[in-house]
Amino acid sequence: MSTDLYGIRVLAKEASTVTLKVFLVYYDWDHIPESKDFFLSVLWDQADTRFGGGGPLGDAISVPDICDEKFRLEHAGTYVAKVEKLGSANYPITDKKELATFYYERDGKWENEDKLAQVNFKITVTDPKWIAHLEPGMSWGTTSYGI
1 MSTDLYGIRV LAKEASTVTL KVFLVYYDWD HIPESKDFFL SVLWDQADTR FGGGGPLGDA
61 ISVPDICDEK FRLEHAGTYV AKVEKLGSAN YPITDKKELA TFYYERDGKW ENEDKLAQVN
121 FKITVTDPKW IAHLEPGMSW GTTSYGI
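Just so it is clear: in the sequence shown, position 62 is 62 by the numbering used here, and no numbers are missing.
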């Protein structure tokens with residue numbers, strides 16, 4: 001079992017764009033990625049169709065492929081057209097002394113969310129079907145990382 005590095009929340013979705021809030025939840029780490037490969041992995045987290053649910057992105061990309069860094073780097077642009085940083089709070093991190101090492105997701109929320117490092121991003125995908133499985137308000141933890 002892996003430790004989540006980030007928390008993700010869907011803020012809005014319209015046509016081929018989704019706005020995501022990315023929370024840093026593991027404070028042995030201090031970076032929030034801005035790369036297409038990171039967001040491909042984040043979008044795939046909830047698209048996995050192996051256990052019911054998911055979406056077309058989960059059918060288009062296999063588990064071995066999404067776990068392959070080379071695949072993600074080479075193919076991220078096939079699915080993620082653009083990543084725009086919209087704004088941030090508590091980031092970059094200037095002082096970790098009041099922060100726990102790790103924050104668990106509970107019912108779509110993280111303890112002390114307002115104190116966590118966080119960045120909002122607008123993600124534009126190459127086809128709206130790649131974000132069909134997402135709805136505003138959805139939240140999850142992810143072990144995804146940027147390469």
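Using N, Cα and C, we set each Cβ at its ideal position, and we do this for glycine too.
Proximity to residue i [Cα-Cα], best of the options
i: Asp-95; options: Tyr-27, Ser-16, Lys-129 and Tyr-6; result: Tyr-27
i: Pro-92; options: Val-119, Lys-129, Cys-67 and Asp-107; result: Val-119
i: Leu-57; options: Asp-107, Glu-74, Leu-73 and Thr-78; result: Thr-78
i: Thr-17; options: Asp-127, Tyr-145 and Leu-73; result: Asp-127
i: Glu-84; options: Thr-101, Asp-30, Gly-55 and Phe-39; result: Phe-39
i: Ser-2; options: Gly-55, Glu-111, Tyr-104 and Val-125; result: Tyr-104
i: Asp-59; options: Tyr-145, Leu-5 and His-133; result: His-133
i: Trp-44; options: Arg-106, Leu-99, Cys-67 and Ala-100; result: Cys-67
i: Gly-141; options: Lys-13, Leu-73 and Leu-20; result: Leu-20
i: Glu-135; options: Gly-55, Tyr-145, Leu-99 and Thr-49; result: Gly-55
i: Leu-99; options: Glu-14, Asp-30, Lys-13 and Ala-15; result: Asp-30
i: His-75; options: Glu-111, Glu-14 and Val-125; result: Val-125
Burial state of residue i (16 or more Cβ within 10 Å)
i: Gly-149; result: Not covered by the structure: residue 149. The range shown for the chain is 1 to 147.
i: Gly-7; result: buried
i: Gly-53; result: exposed
i: Thr-143; result: exposed
i: Lys-97; result: exposed
i: Asp-4; result: buried
i: Val-63; result: exposed
i: Ala-12; result: exposed
i: Ala-47; result: buried
i: Gly-121; result: For the sequence presented, residue 121 should be read as Phe rather than Gly. Buried, since its Cβ has 16 or more Cβ neighbours within 10 Å.
i: Arg-72; result: buried
Residue i and residue j closer than 9 Å at C-beta
i: Lys-82; j: Ile-123; result: yes
i: Ile-32; j: Ala-117; result: yes
i: Val-10; j: Gly-137; result: yes
i: Lys-109; j: Ser-139; result: yes
i: Asp-37; j: Ile-131; result: no
i: Phe-102; j: Val-25; result: yes
Identified DSSP bridge partners for residue i
i: Gln-118; result: Phe-23 and Ala-89
i: Tyr-6; result: Leu-24 and Thr-142
i: Trp-110; result: Glu-105
i: Val-83; result: Ile-123
i: Ala-12; result: Thr-19
Counting only runs of 4+ residues fully inside the stretch 22 to 65, write out the alpha helix (DSSP H) ranges in chain order.
-> The stretch 22 to 65 contains these whole alpha helix (DSSP H) runs: 36 to 45 and 56 to 60.
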